[in-house]
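Novice:
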Amino acid sequence: MKKITIAIDGFSSTGKSTLAKQLAKELGYVYVDTGAMYRAVTYFAMQNGFVGENHLNKEGLINELLAIKLEFRFNPDLGFAEMYLNGENVEQPIRTIEVSRNVSQIAEISEVRAKLVEQQQAMGKNKAIVMDGRDIGTVVFPDAELKLFMNASAETRAQRRFDELVEKGQNVTYQEVLENVQQRDYIDTHREDSPLVKADDAIEVDNSAMNKKEQFELVMKLIEEKI
Ligand code: C5P
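Its first residue numbered 646, the sequence shown is counted upward by one per residue in our numbering.
(1) By the DSSP assignment, the beta strand (DSSP E) with V792 in it spans what residues?
(2) Helix, strand or coil, according to DSSP, for E800 in the structure here?
(3) Count the other CB atoms within 10 Å of the CB of D654; is the residue buried (16 or more) or exposed (fewer)?
(4) Let me know the secondary structure DSSP gives R684 once reduced to three states.
(5) Taking only heavy atoms of ligand 1 into account, decide whether any of them is closer than 7 Å to the Cβ of D833.
(6) How about V748: is its Cβ closer than 7 Å to a heavy atom in ligand 1?
(7) Using 10 angstroms around the beta-carbon of Y831, count the other beta-carbons present and answer buried if the total reaches 16, otherwise exposed.
(8) Provide the residue span of the alpha helix (DSSP H) that contains I868, from first to last.
(9) What did DSSP end up calling L841 once you bin it into helix, strand or coil?
(10) Go ahead and pull the three-state DSSP assignment for T741.
(11) Kindly indicate which three-state DSSP category G632 falls into: helix, strand or coil?
(12) So who's on the other strand from A726, going by DSSP bridges?
(13) Closer than 8 Å is the cut-off here; do at least three beta carbon pairs connect the region 716-731 with the region 808-815?
(14) Just verifying my parser: in three-state terms, what is the DSSP assignment at E756?
(15) Rounded to whole angstroms, what's the CA-CA distance from A752 to Q765? Just pull it up for me.
(16) Can you give me the start and stop residues for the beta strand (DSSP E) that V775 sits inside?
(17) Output needed for K666: all residues of its chain with C-beta closer than 6 Å, excluding positions within five of it in sequence on either side, in chain order.
(18) With DSSP as the reference, please indicate the residues paired to A652 in a beta bridge.
(19) Is DSSP giving G694 helix, strand or coil here?
This is the structure we're talking about:
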């Protein structure tokens, strides 16, 4: 069977990672969550005082980029890889609302993007990969055999993210989550470097009215045409 590259882009909380994990498992492919990489750099920036409430020290962070080592390590109990920052498992802290509030500002920095895109391209050089993010089909793998662009209404997405955060025991309101989703979408689609746009050859999947199983089956049909 032919090995392909599957690029999944789309707005925040559209279920990209859930779908990507299902596909990787079914196909025996590697799954890479590029949002986790931007979140880990943001967490590093917060820990080192480069970003916080109402301040951003871009130059300071850029000068420290070489000191940031990101790795994915597969966790067999969970069935997917977890994000490590300089040897520390940061899966939990990178998913907090505080990191979500700062991440889009960090993802606007071209030097940060260049570093992460280089690492992402190296991870995908042998294909057999499912990668999700905002610029995968446009910048990271413009030649991917299958590109998906995921969408759902902002309210549906905020409700899903809110349920996830509550389940993890985080103290947030639906309104805060909705505002965060809308703010990130705005910054992600308006930034100068690699804004979130649908690649011309991407297939749009709106899952507002689809359950996970229906979505998975639809996408598996698209994949079967390519492999
Ligand atoms: O996918 P997730 O919502 O975890 O991504 C967090 C943030 O990282 C996004 O809102 C976006 O600002 C940034 N990002 C990006 N490019 C990617 C993946 C994520 O700019 N490929």
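Glycine is no exception: its CB is placed at the ideal position from the N, C-alpha and C atoms.
Remember, it's a predicted structure, so these values are computed and weren't measured experimentally.
Specialist: Let me lay it out:
(1) According to the sequence shown, residue 792 is Lys rather than Val. Run containing K792: L791 to N796, per the beta strand (DSSP E) assignment.
(2) helix
(3) buried
(4) helix
(5) yes
(6) yes
(7) exposed
(8) K857 to E869
(9) coil
(10) coil
(11) The question about residue 632 has no answer, for the chain in this structure spans 646 to 872.
(12) F719
(13) no
(14) helix
(15) 15 Å
(16) I774 to G778
(17) Y676 and F725
(18) M776 and K792
(19) coil
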